[in-house]
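Residue numbers (the numbering used here), protein chains in the order written: chain S, 2 to 248; chain F, 2 to 248; chain Y, 2 to 248; chain V, 2 to 248; chain B, 2 to 248; chain R, 2 to 248.
Ideal Cβ positions, reconstructed from N, Cα and C, are used throughout, including at glycine.
Since the model is a prediction, treat every value here as computed from it, not as a measurement.
There are 6 protein chains.
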Amino acid sequence: MRLLMINPNMTDAMTGSMAQVARDLVGDAAEIVPLTATQGFPYISSRAEAQIAGAHVLEMIADHHESVDAVIIAAFGDPGLVAARDLFNLPVVGMAEAAILTAAMLGDRFSVVTFSPHMARWYTDCVRQTGLEARFTGVRCPKVAPASVDTVANDLRSDLIDLVEQATASDGADVVILGGAPLAGLAREISDDASGLLIDPIAAATAQAMSLVRLAPAYGRRVARPAAKPSKGLPAALATIIAGECP
Amino acid sequence: MRLLMINPNMTDAMTGSMAQVARDLVGDAAEIVPLTATQGFPYISSRAEAQIAGAHVLEMIADHHESVDAVIIAAFGDPGLVAARDLFNLPVVGMAEAAILTAAMLGDRFSVVTFSPHMARWYTDCVRQTGLEARFTGVRCPKVAPASVDTVANDLRSDLIDLVEQATASDGADVVILGGAPLAGLAREISDDASGLLIDPIAAATAQAMSLVRLAPAYGRRVARPAAKPSKGLPAALATIIAGECP
Amino acid sequence: MRLLMINPNMTDAMTGSMAQVARDLVGDAAEIVPLTATQGFPYISSRAEAQIAGAHVLEMIADHHESVDAVIIAAFGDPGLVAARDLFNLPVVGMAEAAILTAAMLGDRFSVVTFSPHMARWYTDCVRQTGLEARFTGVRCPKVAPASVDTVANDLRSDLIDLVEQATASDGADVVILGGAPLAGLAREISDDASGLLIDPIAAATAQAMSLVRLAPAYGRRVARPAAKPSKGLPAALATIIAGECP
Amino acid sequence: MRLLMINPNMTDAMTGSMAQVARDLVGDAAEIVPLTATQGFPYISSRAEAQIAGAHVLEMIADHHESVDAVIIAAFGDPGLVAARDLFNLPVVGMAEAAILTAAMLGDRFSVVTFSPHMARWYTDCVRQTGLEARFTGVRCPKVAPASVDTVANDLRSDLIDLVEQATASDGADVVILGGAPLAGLAREISDDASGLLIDPIAAATAQAMSLVRLAPAYGRRVARPAAKPSKGLPAALATIIAGECP
Amino acid sequence: MRLLMINPNMTDAMTGSMAQVARDLVGDAAEIVPLTATQGFPYISSRAEAQIAGAHVLEMIADHHESVDAVIIAAFGDPGLVAARDLFNLPVVGMAEAAILTAAMLGDRFSVVTFSPHMARWYTDCVRQTGLEARFTGVRCPKVAPASVDTVANDLRSDLIDLVEQATASDGADVVILGGAPLAGLAREISDDASGLLIDPIAAATAQAMSLVRLAPAYGRRVARPAAKPSKGLPAALATIIAGECP
Amino acid sequence: MRLLMINPNMTDAMTGSMAQVARDLVGDAAEIVPLTATQGFPYISSRAEAQIAGAHVLEMIADHHESVDAVIIAAFGDPGLVAARDLFNLPVVGMAEAAILTAAMLGDRFSVVTFSPHMARWYTDCVRQTGLEARFTGVRCPKVAPASVDTVANDLRSDLIDLVEQATASDGADVVILGGAPLAGLAREISDDASGLLIDPIAAATAQAMSLVRLAPAYGRRVARPAAKPSKGLPAALATIIAGECP
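In structure tokens, the structure reads:
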């Protein structure tokens with residue numbers, strides 16, 4: 002099976018490290034097709050940016066959906082996820098949603114640990130979007146944002162281990178999600194040093210995409226698909242999908 | 002005061018009828034500045050379309066926010082509302098949200114009556130987004146979608162009155178929101194014939210925009226504004242806002 | 002339009018300062034008709050007192066409703082609001098409810114900052130009453146009650162600014178409601194010094210009363226009005242309303 | 002022990018039948034002290050009426066609390082309950098609350114069956130007030146209000162049995178509360194004919210009052226009691242309590 | 002009346018102290034029939050243990066239900082409660098549930114204070130199970146588990162009083178449940194020293210069992226009873242009940 | 002990887018058909034190790050039965066956990082799931098939970114369609130247990146229970162297709178879970194005939210077990226494991242686990 006891994010952030014290095022985590026997970030069982038946004042932002046960190054980047058995600062899926070079995074949206078706030086799921090006839094998985102729902106199968110309560118206070122609230126909104134807020138013990142993050150997101154997994158390694166400890170010991174989390182694309186791969190590296198069960202969101206999203214492909218839901222009789230509609234100003238592939246000409 | 006009324010749907014006639022309702026409400030107290038989307042869809046009716054149209058709404062606000070006191074997003078699902086409120090330093094009001102919160106000040110329980118089953122679920126999502134689902138008695142709509150949205154207020158007039166009756170008598174709604182831009186102005190016309198207290202969402206949004214301007218919240222020390230950020234592929238005015246160059 | 006502003010507390014100075022805030026907000030667009038309770042308590046601060054004062058509020062409305070377009074109940078716990086809305090055929094606005102619903106149109110999460118720990122829980126109950134508790138970050142207040150409520154806005158000015166800072170920085174509130182009649186007018190005075198968007202509840206209630214009058218809901222076919230009923234021991238005007246003799 | 006049973010409705014016959022149910026339940030274990038409101042309404046059926054009657058309930062308790070061990074407020078919407086519990090240093094039980102919490106110990110899901118559509122929503126509000134709405138399957142009632150409440154238990158006997166059947170069979174209720182003072186005693190009479198476990202609210206309230214007296218919570222160090230306060234226009238006994246002169 | 006008090010923990014001393022509290026409460030009004038588990042664990046403190054012990058509770062009830070009027074499950078997590086209530090035709094009361102629902106009749110918000118951090122989360126789950134989490138202010142407990150549960154009520158007496166103070170003063174609880182069988186009887190002893198209204202769960206459960214017996218719900222037409230079913234490997238008495246041979 | 006598939010029902014044919022579905026899904030990627038309960042009930046359909054069967058599930062896992070990578074509890078109510086997850090250091094997946102969380106990644110709203118009214122409420126409880134009730138549109142089932150569960154997938158095939166249609170068209174479900182072990186394999190067979198996206202719970206549970214094994218959470222530093230404890234009357238393998246002698 003082929004899994005399209007879309008990084009809505011315009012940062013190739015991030016795409017590379019996430020693709021590596023995904024490939025390590027799937028082994029020979031799937032092919033990872035990574036794709037980096039060519040419009041938008043280096044690193045999405047607000048809902049305003051997600052509104053814009055999410056629209057671009059739809060364009061990227063429209064360009065590639067016919068040659069893949071599922072789509073992974075590889076940015077923690079899942080920009081464009083709900084819209085893509087409405088529009089396309091294949092499984093679409095978001096990194097945040099997949100991490101959260103996976104956490105719910107490993108323990109009762111889960112936490113998000115991340116590297117910057119800027120996105121703490123957005124992560125909370127992601128949890129609320131799934132409906133699992135009653136099982137969420139909150140976000141733990143450093144008090145100040147790091148100077149650069151690029152090397153944050155290394156720079157803050159021991160701080161993040163401490164935050165995981167607080168999430169489990171003080172907040173009562175069984176499972177801790179290490180949130181944010183720059184932390185891709187970190188869960189595996191620190192799992193012996195950190196308490197609780199750790200989740201790497203890109204790994205969780207990849208595993209869930211494989212699951213959904215294996216389950217092979219039949220999209221032929223899907224309900225609630227938007228009605229076919231003309232549009233103006235959209236890239237051709239996306240406009241065609243929305244026009245209902247080749248679902 | 003000047004209120005920017007953005008119609009994210011590309012239909013001028015709809016903008017015209019909504020602007021008329023708004024002008025009747027404000028009288029001399031405010032100037033309505035209507036603006037119709039030049040990209041996107043004739044009439045937004047899915048979350049996929051809202052993802053795309055909402056990004057365009059941000060561009061429209063970026064082009065005009067400096068000359069107005071508040072913004073009204075004049076489409077029922079409030080495309081772009083959350084993002085716009087994050088980004089701009091002036092009140093931004095959504096038609097659905099304003100209608101729902103206004104309903105909560107007129108009675109305990111409220112309903113949405115609309116003209117097509119296609120958007121029933123989306124309206125429910127709008128209510129959930131506000132947090133008031135416990136006071137919501139649900140959507141009432143015809144079983145089949147109308148052939149055209151343009152003349153729906155006239156064509157379905159008596160059906161809609163019946164649906165309002167069901168919402169109040171069977172569902173226990175005190176207040177009924179007549180949802181959807183094509184129904185602009187209808188609440189006033191049928192208020193003697195229909196039971197319950199009726200809300201016209203464009204009127205509610207206009208009244209709320211006036212309220213927020215009168216309250217004059219000071220945006221100078223606003224928190225949770227997205228950090229300044231470079232971008233690629235965005236129209237200049239929006240890119241400038243996001244770059245933090247002239248908030 | 003004429004707005005009846007009922008202060009259920011028996012303190013004329015408080016009525017005066019609240020009326021001033023209301024008049025500054027409405028300008029020429031409305032006339033504020035202030036009324037101070039002549040029975041009850043100097044300052045309501047418990048639900049037991051609200052039970053009693055709320056009954057008196059109904060009597061005050063019964064005496065004046067025919068000459069006004071809307072009613073503002075100007076005490077933070079909104080004593081008598083639900084009952085008044087059931088009973089009278091005009092918009093009735095509560096200070097707490099209006100502040101909370103207005104906050105929900107300015108940002109995602111809101112807080113209440115007030116001057117005394119005595120009413121912290123009651124404010125929480127007010128939020129729960131609206132249904133918006135999921136967006137509420139809690140009450141921030143001094144640890145001890147002030148000696149006098151009369152001069153509390155001046156005496157505690159810098160403490161309150163600090164509490165607002167905690168509400169936004171630690172609790173994640175976008176909007177802060179300055180709760181309690183003795184703080185009327187303070188939001189405007191400290192808006193340059195305090196973080197976040199501030200709401201003055203009496204200003205919010207006045208703005209919302211104007212909104213509802215502009216929307217002009219037609220009470221003629223209102224549902225869920227209590228059935229006409231005899232009573233004993235009530236003042237004549239209220240007894241007449243309840244007897245259904247002149248709605 | 003002595004249990005003060007306050008009927009906030011001004012109808013002596015209702016007080017009598019409720020007192021009989023209570024006496025049958027307590028046997029020799031307690032003395033029932035019935036008291037009928039002398040102000041207010043023959044039968045409270047709206048929140049407006051409850052606002053007024055609840056204030057009178059406080060006066061009635063103030064007059065009698067020193068000679069009893071607990072108070073039962075014997076009207077389904079529990080007028081004055083929250084306020085009384087704030088104010089007085091003895092257990093105060095409401096008919097609706099006691100019935101609902103008792104139902105929660107007999108089964109998972111419960112329903113209310115009552116004799117008139119007029120109070121269906123108010124009963125729902127009572128459930129919401131307790132916090133148990135997730136276990137509530139709703140109200141079942143006749144479509145039209147009966148001509149008289151006095152003989153409703155006999156007149157509607159077979160209709161009520163049918164409604165109980167619908168509540169258990171269609172709605173999935175394990176337990177059915179027969180709501181409303183006019184139905185006092187009916188649960189016992191129809192328990193062989195109706196499905197599910199039936200609850201008579203006045204019996205439940207009486208049993209709970211006995212429970213709380215047996216548990217003998219020590220009110221000496223109770224928290225959250227309202228601060229002592231002057232008042233104007235209140236009957237002497239209540240004013241004294243509120244002034245903190247003899248708690 | 003006879004009340005079967007099952008201690009699912011295999012510790013006779015605990016049964017003894019709980020029976021004493023129960024007997025002090027009932028006086029001559031009921032007979033307490035204590036029963037200690039002969040299989041399982043000295044003291045249940047996890048949901049895994051509750052799964053096993055709860056199955057044994059069903060066996061114990063099956064052996065004795067015909068000679069009693071109600072059953073009390075006397076361990077805080079209520080092992081087997083839901084299952085027992087499904088299966089047997091008499092009231093079954095759990096210590097945690099009864100304490101929580103009783104707390105809800107004494108005040109608005111309640112807390113649990115207990116002696117060990119090991120069960121803090123489980124107590125939270127108990128509250129969630131009832132549906133009353135919105136009124137729950139959380140668990141307060143020492144940071145480390147005590148060496149022995151046997152003498153914990155004495156050893157930690159002053160610590161527990163401090164925790165009760167924190168629950169009322171910091172968390173805003175009106176009512177405090179002293180959770181865990183080893184604290185049986187403590188509420189009465191410390192009620193003058195500790196703030197708030199205290200609840201002893203075994204006393205609450207006993208009082209509620211008496212209440213339910215007095216209310217005498219008629220089990221003859223109970224709904225949702227499991228269908229009769231063959232089984233293998235169960236003790237004879239329980240197998241007979243499940244086979245529907247002598248309900 | 003090896004996946005232990007425990008059927009808590011004592012029916013070998015059911016185990017066989019579920020193992021077949023699981024094997025078809027995993028192909029060469031995993032080995033399915035099926036195990037049928039030797040105690041308990043032919044088909045679990047109440048929470049009383051789940052209490053007993055769940056305890057037996059723990060024994061079955063204790064006997065086999067060392068030779069497998071994950072455990073699937075293959076009965077819809079997930080008997081023993083929470084307890085097993087507490088106790089064992091490997092992923093444990095429940096059929097209901099896995100189906101529900103998978104549904105949440107395929108669409109917004111989901112339904113359960115099953116073959117008998119007897120378990121409708123229990124399925125609702127399963128959803129509530131996950132926390133996703135806000136996205137649940139309810140259970141659809143035939144009005145009467147079938148004579149035999151063995152052939153129900155064939156016997157009721159067209160009825161079940163109709164129920165799926167109602168779940169999507171009337172209730173607004175995007176995804177429909179075909180609930181109950183006797184329906185194993187049906188989703189695949191009817192996916193062209195039935196509307197919506199269908200989920201076979203045993204397939205979903207198998208896919209999720211594979212996901213969790215691939216994610217390889219490190220159990221070495223897991224928190225909230227029950228403390229080691231002596232026991233009496235338990236099978237040796239389970240007693241050893243609980244005694245903490247060989248986690």
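Three-state class that DSSP yields for residue i in the structure shown
{"i": "PRO248 of chain B", "result": "Note that PRO248 of chain B scores a pLDDT of 45, beneath 50, so its modelled location is shaky and nothing firm can be said."}
{"i": "ALA208 of chain S", "result": "helix"}
{"i": "LEU133 of chain F", "result": "coil"}
{"i": "ILE45 of chain B", "result": "coil"}
{"i": "THR152 of chain Y", "result": "coil"}
{"i": "ALA240 of chain B", "result": "helix"}
{"i": "THR37 of chain R", "result": "strand"}
{"i": "SER171 of chain B", "result": "coil"}
{"i": "LEU4 of chain R", "result": "strand"}
{"i": "ARG141 of chain B", "result": "strand"}
8 Å Cβ cut-off: residues of chain F touching residue i
{"i": "ALA30 of chain Y", "result": "ALA30"}
Inter-residue Cα distance where the pair is residue i and residue j
{"i": "ALA240 of chain Y", "j": "LYS233 of chain Y", "result": "8 Å"}
{"i": "GLY181 of chain R", "j": "ASP64 of chain S", "result": "40 Å"}
{"i": "SER192 of chain V", "j": "GLN130 of chain R", "result": "33 Å"}
{"i": "PRO236 of chain R", "j": "ALA195 of chain S", "result": "34 Å"}
{"i": "ALA228 of chain B", "j": "ASP87 of chain B", "result": "11 Å"}
{"i": "LEU107 of chain S", "j": "LEU164 of chain Y", "result": "39 Å"}
Contacts around residue i, its chain only, beta-carbon distance under 7 Å, and the 5 residues preceding and following it disregarded
{"i": "PHE79 of chain F", "result": "The sequence shown places Asp at residue 79 of chain F, not Phe. Answer for ASP79 of chain F: GLY95, MET96, ALA97, GLU98 and CYS127, listed in chain order."}
Chain-ordered neighbours of residue i on chain S, where CB pairs are closer than 9 Å
{"i": "ARG136 of chain B", "result": "Result: empty, since nearest Cβ-Cβ is about 15 Å, beyond 9 Å."}
N-terminal and C-terminal residue of the beta strand (DSSP E) that residue i is part of
{"i": "GLY95 of chain S", "result": "93-95"}
{"i": "ALA85 of chain Y", "result": "Premise fails: ALA85 of chain Y lies in the alpha helix (DSSP H), 82-88, not in any beta strand (DSSP E)."}
{"i": "SER112 of chain Y", "result": "111-114"}
{"i": "VAL72 of chain S", "result": "71-74"}
Segment limits, alpha helix (DSSP H) that includes residue i
{"i": "VAL22 of chain R", "result": "13-27"}
{"i": "LEU187 of chain F", "result": "187-191"}
Beta-carbon neighbours of residue i, restricted to chain F and to distances below 7 Å
{"i": "GLY173 of chain R", "result": "ARG122"}
9 Å Cβ cut-off: residues of chain B touching residue i
{"i": "SER192 of chain V", "result": "ALA217, PRO218, ALA219, GLY221 and ARG222"}
Under 9 Å from the C-beta of residue i: neighbouring residues of chain Y
{"i": "SER149 of chain F", "result": "Within 9 Å Cβ-Cβ: nothing; SER149 of chain F doesn't reach chain Y, min ~28 Å."}
Amino acids of chain V, ordered along the chain, whose beta-carbon sits closer than 9 Å to that of residue i
{"i": "MET211 of chain B", "result": "ALA208, MET211, SER212 and ARG215"}
Same chain, Cβ closer than 6 Å to residue i, five either side skipped, listed in chain order
{"i": "TYR220 of chain S", "result": "ASN90"}
{"i": "PRO248 of chain B", "result": "Legend: pLDDT at PRO248 of chain B = 45, less than 50; position of this residue unreliable, no value from coordinates given."}
7 Å Cβ cut-off: residues of chain R touching residue i
{"i": "MET11 of chain B", "result": "LYS233"}
Proximal residues of chain S, C-beta to C-beta of residue i below 7 Å
{"i": "MET15 of chain R", "result": "By Cβ distance, chain S contributes nothing, its closest Cβ being about 20 Å from MET15 of chain R, past 7 Å."}
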